[in-house]
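J.:
Number of protein chains: 2
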Amino acid sequence: MAHIKINEDLPGIRCLMDFRPETAVPLNALAEVLLRNDEGLNKGERELIAAYVSSLNDCAFCQSIHGAVAAYYLGEDTVVNVKQKFKEADISNRMKALLSIAGCVQLGGKFVTEKEISFAKNEGASDIEIHDTVLIAAAFCMFNRYVDGLGTFAPDDPEMYEFRAKKIAEETGYANSSPQ
Amino acid sequence: MAHIKINEDLPGIRCLMDFRPETAVPLNALAEVLLRNDEGLNKGERELIAAYVSSLNDCAFCQSIHGAVAAYYLGEDTVVNVKQKFKEADISNRMKALLSIAGCVQLGGKFVTEKEISFAKNEGASDIEIHDTVLIAAAFCMFNRYVDGLGTFAPDDPEMYEFRAKKIAEETGYANSSPQ
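Protein sequences, first through last, are from chains V and C. Note that the first sequence covers residues 2 to 181 in this note's numbering. Note that the second sequence covers residues 2 to 181 in this note's numbering.
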């Protein structure tokens with residue numbers, strides 16, 4: 002049960018956005034600018050970072066919905082493999098290096114060292130890509146804590162997440178609905 | 002030295018907002034709605050939660066600037082005492098209960114239990130106040146990781162933070178400048 006009185010028919014962050022529309026606006030705007038963009042990192046890569054960090058934070062709702070959006074772009078196998086052991090997944094070395102940075106950010110900002118940054122740069126990651134990786138990872142350390150810290154409900158049904166993911170990818174994005 | 006090429010004349014998050022104005026807009030809008038509001042929690046209490054979580058995350062820049070803004074409203078002693086041992090600080094039991102929730106959020110969303118929530122409710126905290134406490138704490142788990150994860154610079158001079166804090170409190174807020 003949620004820690005505050007919210008509409009529990011809405012899962013995960015959606016009930017919080019319904020409860021507090023004032024804070025939903027900048028949160029959705031942040032998700033839109035970070036995830037719905039193909040400059041540098043493409044949409045699939047951005048969602049993959051979000052899903053990976055959410056799995057490290059053990060946030061069922063966020064890893065399911067962002068995993069489903071990542072799978073829409075990159076395929077289900079890639080998402081499953083990245084969550085299990087990204088270093089062996091069928092993704093570029095540049096993406097492995099960026100996921101390694103994201104994993105450090107999940108532990109705390111100071112866990113990111115010159116070693117991970119150099120590895121990413123050597124694999125061709127740009128400054129903007131490194132910036133966006135750090136900020137996506139940091140943002141999901143917020144979203145995950147928000148969703149779980151207020152005890153929201155995460156449905157088990159994978160079809161619900163697939164349905165929402167398709168809608169986010171093809172229609173609404175994040176800024177135009179209570180989306181995630 | 003920062004991990005990416007940024008204008009290192011600007012401290013902390015300000016150089017990141019200068020580097021990537023697209024993400025600065027929703028980040029500033031989020032800070033504005035969470036911190037510059039006297040409904041439920043007042044501005045000083047909101048800044049105190051931000052400074053406390055930033056101190057737990059050992060983020061020099063964020064704890065200094067939000068500590069300075071909190072001190073503008075509540076006095077320096079309160080901020081110092083809260084960072085050191087908030088349960089003995091001269092603040093209300095309601096605020097102690099909310100800081101206790103914020104401390105759980107800093108560890109991870111699932112660390113918030115019914116026990117902390119009941120304690121806060123028994124001390125008179127409303128659902129909106131509990132919501133805002135969780136989201137402020139979660140947001141600073143993002144801001145702190147963003148600032149430190151990209152290796153930005155935090156000046157030592159307390160006067161710089163006092164000057165900026167006064168400007169934020171009396172003039173600009175967060176939405177109308179590259180502020181923090």
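Glycine included, each C-beta is placed from N, C-alpha and C at the ideal position. Treat the numbers as computed from the prediction; the structure is a model and nothing was measured.
Can you list, in chain order, the residues of its chain with a C-beta nearer than 7 Å to that of His67 of chain V? Leave out the 5 residues immediately preceding and following it.
T.: In the first sequence, residue 67 of chain V corresponds to position 66, counting from 1. Same-chain partners within the cutoff: Glu48, Ala51, Ala52 and Ser55.
J.: Within a Cβ cutoff of 6 Å, which residues of the same chain sit near Gly174 of chain V, ignoring the five residues on either side of it in sequence?
T.: On the first sequence, residue 174 of chain V is found 173 positions in, with the first residue counted as 1. Only Glu33 and Arg37 meet the Cβ criterion.
J.: With a CB to CB cut of under 8 Å and the five nearest residues on each side skipped, what residues in its chain are close to Ile7 of chain C?
T.: Stepping through the second sequence from its first residue, residue 7 of chain C is reached at position 6. Within the same chain, Ile7 of chain C has close Cβ partners Cys16, Leu17, Asp19, Phe20, Leu151 and Thr153.
J.: With a threshold of 9 Å between beta-carbons, can Phe154 of chain V be considered close to chain C, or not?
T.: As a first step, residue 154 of chain V must be located in the first sequence, where it is residue number 153. It does not; no Cβ of chain C falls within 9 Å.
J.: Would you call the CB atoms of Ala166 of chain V and Ala72 of chain V closer than 9 Å?
T.: Mapped onto the first sequence, residue 166 of chain V falls at position 165. Mapped onto the first sequence, residue 72 of chain V falls at position 71. Contact flag set, yes.
J.: So Arg95 of chain C packs on Ala126 of chain C, CB below 8 Å; how close in whole Å?
T.: Mapped onto the second sequence, residue 95 of chain C falls at position 94. Mapped onto the second sequence, residue 126 of chain C falls at position 125. Contact flag correct, Cβ pair sits at about 5 Å.
J.: Taking 8 Å as the limit between beta carbons, can you name the residues of its chain near Pro12 of chain C, skipping five residues before and five after?
T.: One-based indexing of the second sequence puts residue 12 of chain C at position 11. Within the same chain, Pro12 of chain C has close Cβ partners Phe62, Thr153, Phe154, Ala155, Pro156 and Met161.
J.: Whole angstroms are fine: how far does the CA of Met143 of chain C sit from the CA of Ile14 of chain C?
T.: The residue labelled residue 14 of chain C in the question sits at position 13 within the second sequence. The residue labelled residue 143 of chain C in the question sits at position 142 within the second sequence. Computed Cα separation, rounded: 11 Å.
J.: What is the C-beta distance between Ala30 of chain C and Pro27 of chain V, in whole angstroms, given that I count them as a contact (C-beta under 8 Å)?
T.: Sequence index remark: in the second sequence, residue 30 of chain C carries index 29 (1-based). Sequence index remark: in the first sequence, residue 27 of chain V carries index 26 (1-based). So it is a contact: roughly 4 Å between Cβ atoms.
J.: If we cut at 9 Å on Cβ distances, does Gln181 of chain V have a partner in chain C?
T.: Taking the first residue of the first sequence as 1, we reach residue 181 of chain V at position 180. Only weak support exists for where Gln181 of chain V lies, its pLDDT of 42 falling under 50; the value from the coordinates is given anyway. Answer no: the Cβ-Cβ gap between Gln181 of chain V and chain C never drops below 9 Å.
J.: Can you give me the Cβ contacts of Lys44 of chain V inside the same chain, cut-off strictly under 6 Å, excluding the 5 residues immediately before and after it?
T.: Position 43 of the first sequence holds residue 44 of chain V. If we look at Lys44 of chain V and ignore the five residues flanking it on each side, its Cβ neighbours are Tyr74.
J.: Buried or exposed: which applies to Phe164 of chain C, given that a residue is buried once 16 or more other Cβ atoms fall within 10 Å of its Cβ?
T.: For this step, residue 164 of chain C is matched to residue 163 along the second sequence. With fewer than 16 Cβ atoms within 10 Å of its Cβ, Phe164 of chain C is classed as exposed.
J.: Any beta carbon of chain C sitting closer than 9 Å to that of Thr24 of chain V?
T.: As a first step, residue 24 of chain V is located in the first sequence; it is residue number 23 there, counting from the start. With 9 Å as the cut-off, Thr24 of chain V counts as an interface residue toward chain C.
J.: Which of helix, strand or coil does DSSP assign to Tyr175 of chain V?
T.: Walking along the first sequence from the start, residue 175 of chain V turns up at place 174. In the three-state scheme derived from DSSP, where H, G and I count as helix and E and B as strand, Tyr175 of chain V is classed as coil.
J.: Please report whether the beta-carbon of Leu11 of chain C lies at a distance below 9 Å from any beta-carbon of chain V.
T.: Start at 1 with the first residue of the second sequence, and residue 11 of chain C comes out as number 10. So, not an interface residue.
J.: With distance defined between alpha-carbon atoms, name the residue in V:Thr79, V:Gly109 and V:Val80 nearest to Arg146 of chain C.
T.: Within the second sequence, numbered from 1, the residue matching residue 146 of chain C stands at position 145. When only C-alpha atoms are compared, the closest one is V:Gly109.
J.: Is there a Cβ from chain V that is less than 9 Å from the Cβ of Asn123 of chain C?
T.: For the purposes of this step, residue 123 of chain C is identified with residue 122 of the second sequence, where counting begins at 1. No, its Cβ sits nowhere closer than 9 Å to a Cβ of chain V.
J.: So, for His4 of chain V: in the same chain, excluding its five sequence neighbours on each side, which residues have a beta-carbon less than 7 Å away from its beta-carbon?
T.: For this step, residue 4 of chain V is matched to residue 3 along the first sequence. The answer, listed in chain order, is Leu151 and Gly152.
J.: What are the residues in the segment 92 to 117 of chain V lying within 7 Å of chain C by C-beta distance?
T.: Val106, Gly109, Gly110, Lys111 and Val113
J.: Using the C-alpha atoms, what's the distance from Ile131 of chain C back to Val113 of chain C?
T.: Translated into positions along the second sequence, residue 113 of chain C becomes position 112. Translated into positions along the second sequence, residue 131 of chain C becomes position 130. Answer to the nearest angstrom: the Cα atoms are 11 Å apart.
J.: Which of the three DSSP states, helix, strand or coil, is assigned to Arg37 of chain C?
T.: Looking up residue 37 of chain C in the second sequence gives position 36. Residue state, collapsed to three classes: coil.
J.: Going by the CB atoms, is the gap between Leu42 of chain C and Asp149 of chain C shorter than 9 Å?
T.: Reading the second sequence from its first residue, position 148 is the one you call residue 149 of chain C. Reading the second sequence from its first residue, position 41 is the one you call residue 42 of chain C. Cβ distance not < 9 Å, so Asp149 of chain C and Leu42 of chain C don't count as in contact.
J.: From the DSSP output, in three-state form, read off Glu89 of chain V for me.
T.: Indexing the first sequence from 1 puts residue 89 of chain V at position 88. Glu89 of chain V falls in the helix class under three-state DSSP.
J.: Here's the rule: buried if 16 or more other CB atoms are within 10 angstroms of the residue's CB, otherwise exposed. What is Glu117 of chain V?
T.: Reading the first sequence from its first residue, position 116 is the one you call residue 117 of chain V. Buried.
J.: Residues of chain C with CB closer than 7 Å to the CB of Val34 of chain V, please, in chain order.
T.: To locate residue 34 of chain V, count along the first sequence from 1; it is residue 33. Those within 7 Å of Val34 of chain V in chain C are Glu23, Thr24 and Pro27.
J.: Quick check on the burial criterion: 16 or more other C-beta atoms within 10 angstroms. Buried or exposed for Glu172 of chain C?
T.: Taking the second sequence and counting its residues from 1, one reaches residue 172 of chain C at position 171. Exposed, by the Cβ-count rule.
J.: Output the residue ranges of the alpha helix (DSSP H) runs that lie fully inside the segment 111 to 158 of chain C and measure 4 residues or longer, sorted by chain position.
T.: 115 to 123 and 128 to 150
J.: One question on the structure: do Lys86 of chain C and Asp59 of chain V come within less than 9 Å of each other, judged by their Cβ atoms?
T.: Residue mapping note: residue 86 of chain C aligns to position 85 of the second sequence, counting from 1. Residue mapping note: residue 59 of chain V aligns to position 58 of the first sequence, counting from 1. Contact: no.
J.: Going along chain C, which residues have a C-beta under 7 Å from Lys6 of chain V?
T.: Within the first sequence, residue 6 of chain V is the residue found at index 5, counting from 1. Think of a sphere of 7 Å around the beta carbon of Lys6 of chain V: the chain C residues whose beta carbon falls inside it are Asp128, in chain order.
J.: Does Met143 of chain V come within less than 9 Å of chain C when only Cβ atoms are used?
T.: Reading the first sequence from its first residue, position 142 is the one you call residue 143 of chain V. Closer than 9 Å to some Cβ of chain C, the Cβ of Met143 of chain V qualifies, so yes.
J.: Can you check which of these residues, C:Leu99, C:Leu136 and C:Ala98, is closest to Ala25 of chain V by C-alpha distance?
T.: Against the first sequence, residue 25 of chain V aligns to sequence position 24. For the residues C:Leu99, C:Leu136 and C:Ala98, the minimum Cα distance to Ala25 of chain V belongs to C:Leu136.
J.: Ala98 of chain V and Ala1 of chain V - do their beta-carbons sit closer together than 9 Å?
T.: Shown here, chain V extends from 2 to 181; a query on residue 1 of chain V therefore has no answer.
J.: Determine the burial state of Val80 of chain C: buried for a count of at least 16 other Cβ atoms within 10 Å of its Cβ, exposed for fewer.
T.: Counting from one through the second sequence, the residue named residue 80 of chain C turns up at place 79. Classification of Val80 of chain C: buried, given that the 10 Å Cβ count is 16 or more.
J.: So is Ser119 of chain V buried or exposed if we call it buried at 16+ other beta carbons inside 10 Å?
T.: Locating residue 119 of chain V in the first sequence gives position 118, counting from the first residue. Burial call: exposed.
J.: Anything in chain V within Cβ reach of Gly150 of chain C, meaning under 7 Å, just list it in chain order.
T.: The residue labelled residue 150 of chain C in the question sits at position 149 within the second sequence. Here the neighbours are Val106, Gly110, Val113, Val135 and Ala139.
J.: Buried or exposed: which applies to Ser93 of chain C, given that a residue is buried once 16 or more other Cβ atoms fall within 10 Å of its Cβ?
T.: Locating residue 93 of chain C in the second sequence gives position 92, counting from the first residue. When all chains shown are included, Ser93 of chain C counts as exposed.
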